[in-house]
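Remarks on the structure that follows.
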């Protein structure tokens, strides 16, 4: 068994006592002869008389001075004597077992350098003060002394009380097991070497007790009232209070205790007490001073107390402790208090030590309990502070509420300065609480703070809570390893009542780590009204990591919420952590401001401002120089809450769940990443307006993925999103995005949505390096999307985008939809370089799409406008405005240098499309499509279409292409097409198609069509200088005539129309419908149908049972095609009806006008001799200079200029030029000239232009040939 120093010291005292006992029996009170001291015969009562008088001092000197049990030794107190000074000059310890007293009011001084022992039955009968010392001598002001080691006669001068005690190198010990008491207001002083109070009591009610343990040679000054003053250089000895020992000055008046020692042990339930006794009135308690150069150990339920007791009135005194180290353990305490039903303020506690440890249910408190008064202040200056195992440092005020005075009762303050570290462990607490007044401030300054399963609290009721300020240069670490269902540990500043403000929490550090911890500033607790939350400020030069922790300001009633400001190098909010500013009831939320290098919100972490009241929610501002990452993951939750791992979405947001508006959200960073079901949003759920979201990410925004919602969340999957929405009567907020590149992928969303009567928000995206929307989520089966939509009666918002490149791939989508009665949203895209809409989702269930429309709603669809450099719609991509409800679809307007619509989806199911559609069950009308471009290409099964499959009419399609429109090819499921059509069961009218371009090419089974096989088709209008059909189709098909013109084809301003390889221009009617009309206006141009494989290229306006349509052609010439009554295998123009009346065909050649008659020839004829060669010389023929006379005959021309070119006119075979010239040689000379030659044929150049030639083409059949001389 290992003994501590106190135990060893106690054993040595027992040995010393046993050695001294026989001598004490022999020697009782023995004068030494240096003073005329007279003891007489000492029996049960021994009275000491005589002595030497000097002024008011009486001196006695003894060889031995002992008092046996049951014996009384009393000093006579002559008149005029105020102080009795006694010394022991022998070598023995003074053992006081009986009563030592004074027959009067004089103060008694006992000096024995060998030691003094007070037995358990010893007592003092002294009405003055008592001082026992093991010093060598008393020192007086004139330098004289009264020495026990060098006994001389007392000084001759008239002197006052001694001013000092001179100690030798080994001062004797003082030990007491007795109750030593002096009268109220008097002083009791023990000044020796080691001092032990073992089960005894030292009592001086309202007086002063001084205990000084001196460990070496030196002088201790005695002040007024015998106060001990130990010089800093003087060595100290140890002191111990054990076995329920007590040192007390508690009384009706103020009493002080001063202790000076090296080490102090306060053990075994021992007490050091000051204060005001029960029922005392109008007093001020004294103070307790403890100065230890070594360790102070307070344990085993022991304590230091300065209290105003029950029913007393007065202010408590202070406790001041200075030590190298201070330890409180096992239920010990240092306490300044005002107790039940007392009135008065608590005194202060001041502790200066290199190390302070408070463990095992121990307490440092300056508090009010059940009384009326303010808490005291606690000031701790230490190297390290360790508080553990349900221990407390508190400056609380809990007055008796039933007898509360009108004045508030405030808590005190706690100030801690620890140069190294503060550790707070295992259900421990630092607090400054008041239930009827202001909470106190808590201030901690240290290098490191570590708190585990412990609290720091300030609370005010009807007044402000105090502030909590922690400045830890290196780190603040807050953990709770208990794995509780709810977080139990906190730093909290709370207020309740009708006024006041919750305290401000300031954390300044290098790194802040909080795990399973709450940092809270809350107002409105316990039904308070009008209180305000305080603010939370975190300044960290390093990292802040919140792990399953809260950092929140909350207004629970109608007070204003406080603000949160965080500055750090990196901030991580993870595993259900919350940074929140909230307002409930009628309160208003505060703001959150975060400045950091990197912000990560992970695994269900949230940063939010929220209002549930009529007042506005707070703003959330984030400035992260490098990165903001918001990522959701599955996290483990305590089994008391859920029975399986549960996913919570990570979130940054501002919300309104009341009538107040949500706050605004602003993010400024280099990169913003939103992943795995995380959310960044501003939303309103009732009447309040959603907040505005502004994101400035200089490099990149990436939104990707989903998270599975299980456990206590609703089942399903949650997509990553940047969103603002309104689900009540409030309007959704707006989204402003400015970034380098925006990527939305794997089911991610950017969303502005309204579910109720409120208006949807607008979305404005500016991206300097492109926008990519890619893929879909296999779990949610929803595509990555940008959405502005409404599913309520409110209007959807507007999406505006400005970027250089927009890419939608693998099912990505931009959408503005109305799902109910609200007006659909509008999309405006300005893309300076390339817009690409391509492909489908991996399982081909979703097309990459830009869409605006109504989906089963009654609201009208919004419009879609795209302005871009190049537009590519490929591999099943879709750009559409549509209606699938009763609302009308909006308009689609595309402006691009180049538009390319190509191909189908990988499975061939979806053609690449630009479309305006009326759905199968829709009654709303389709929207119009307008395309303005330089070049439009529709190929490989792509389509540009307006169509209806329901009761609504299809919209119109207008294409203006400055250069070319190319419609080329087909896919396995259909032709490339530009179309306006209706479905087989549609009741609505088909739309019109208008195309204006320099050159229109339709080839390889492609088509331009207006078609309604069972309904009324629209009209097709083409204005093009050149139209080339190479196995291409221009068609109009109608199944119903209806009102107004239908299924008409009008071609205007045509310079050249070329039809080849079974091309078709058709206006046909099904059933009883009349055929449409075809108007070909090429007044300055030509219409050419090239010969080819049967059947030929045709222009038809036919009907089934209705009347055939009319064909009106105006052109300079028709080549290779003619009118026929019915279709043949050649190139035909026909207007017929199987049952009805055939249509008419009118072919106009405006440059030949027979109505003008013959033109009169001039009378001055040219000299024919200069125009006709006399012969065809070989050289002329060889040089191609021979004159010629052409006879055109009927080959290729009608016989009459008024007639049309019929089939017989083109059957004359062309002849080739003869290789032999007739006639003699002509020797005459003449000036060379350019012969005027009739066109002999035509040819098609490589670029598609038709050329009239002077030489016949080498064609195997149907060729014209000329003869030359």
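Numbering (this note's numbering), first residue to last: 3 to 1271. Ideal Cβ positions, reconstructed from N, Cα and C, are used throughout, including at glycine.
Asked	Found
Beta-carbon gap between residue 934 and residue 979 smaller than 8 Å	no
Alpha-carbon spacing of residue 23 relative to residue 170, whole angstroms	Legend: pLDDT at residue 23 = 43, less than 50; position of this residue unreliable, value from coordinates given subsequently. If I take the Cα positions, the gap works out to 25 Å.
C-alpha gap between residue 280 and residue 314, whole angstroms	5 Å
Contacts around residue 71, its chain only, beta-carbon distance under 6 Å, and the 5 residues preceding and following it disregarded	99, 100 and 123
Bounding residues of the beta strand (DSSP E) (the contiguous stretch that carries residue 1041)	Element bounds for residue 1041: n/a, residue is neither H nor E.
Through-space distance from residue 505 to residue 469, alpha-carbon basis	4 Å
Coarse secondary structure for residue 687, derived from DSSP in three states	coil
Rounded straight-line distance, which links the Cα of residue 1133 to that of residue 955	35 Å
Residue from 771, 777, 731 and 766 with nearest C-alpha to residue 759	731
Residue 1031 versus residue 1120 - alpha carbon distance	15 Å
Extent of the continuous beta strand (DSSP E) to which residue 354 belongs	351-360
Where the beta strand (DSSP E) containing residue 568 begins and where it ends	566-569
Within-8 Å CB hit, residue 76 to chain B	Note that chain B does not occur in the displayed structure, where there is just one protein chain.
Where residue 459 falls: helix, strand or coil (DSSP)	strand
Own chain, CB closer than 6 Å to residue 671, minus 5 neighbours either side, in chain order	626, 630 and 699
Endpoints, the beta strand (DSSP E) within which residue 932 is located	931-941
DSSP three-state assignment for residue 265, whether helix, strand or coil	coil
Close Cβ partners of residue 1122 (< 7 Å) along its chain, the five nearest in sequence each way excluded	1090, 1091, 1092, 1093 and 1133
Nearest candidate by alpha-carbon position, reference residue 775, set 611, 852 and 834	852
Sheet register partners of residue 1 (DSSP bridge)	This structure gives no information on residue 1, because the portion of the chain shown stretches from 3 to 1271.
Validate contact between the segment 1098-1116 and the segment 1066-1084 using beta carbons, cut 8 Å, 3 pairs	yes
6 Å Cβ shell around residue 332 - same chain, five flanking residues per side excluded	301, 302 and 362
Nearest-angstrom Cα separation, counted from residue 812 out to residue 783	13 Å
Residue ranges of each alpha helix (DSSP H) within the segment 128-165, 4 or longer	none
Straight-line Cα distance separating residue 878 from residue 905	7 Å
Euclidean distance between Cα positions of residue 690 and residue 697	22 Å
Validate contact between the segment 225-239 and the segment 304-314 using beta carbons, cut 8 Å, 3 pairs	no
Residue 1128, buried or exposed, once every other Cβ within 10 Å from all chains shown has been counted against 16	exposed
Straight-line Cα distance separating residue 917 from residue 900	17 Å
Buried or exposed (CB count within 10 angstroms, at least 16 for buried), residue 1221	Residue placement at residue 1221 is flagged as unreliable, the pLDDT there being 40, under the threshold of 50; the coordinate-derived value follows with that caveat. Exposed.
Simplified DSSP assignment, three categories, for residue 886	coil
Residue 929 vs residue 970 beta-carbon contact at 8 Å	no
Close beta carbons around residue 950, own chain, < 6 Å, minus the five adjacent residues each side	920, 928, 956, 984, 988 and 990
Sufficient close CB pairs (3 or more, under 8 Å) joining the segment 448-466 to the segment 418-435	yes
Whole-number beta carbon distance between residue 105 and residue 76, since they are thought to touch under 8 Å	5 Å
Contact check, residue 383 vs residue 338, beta carbons under 8 Å	no
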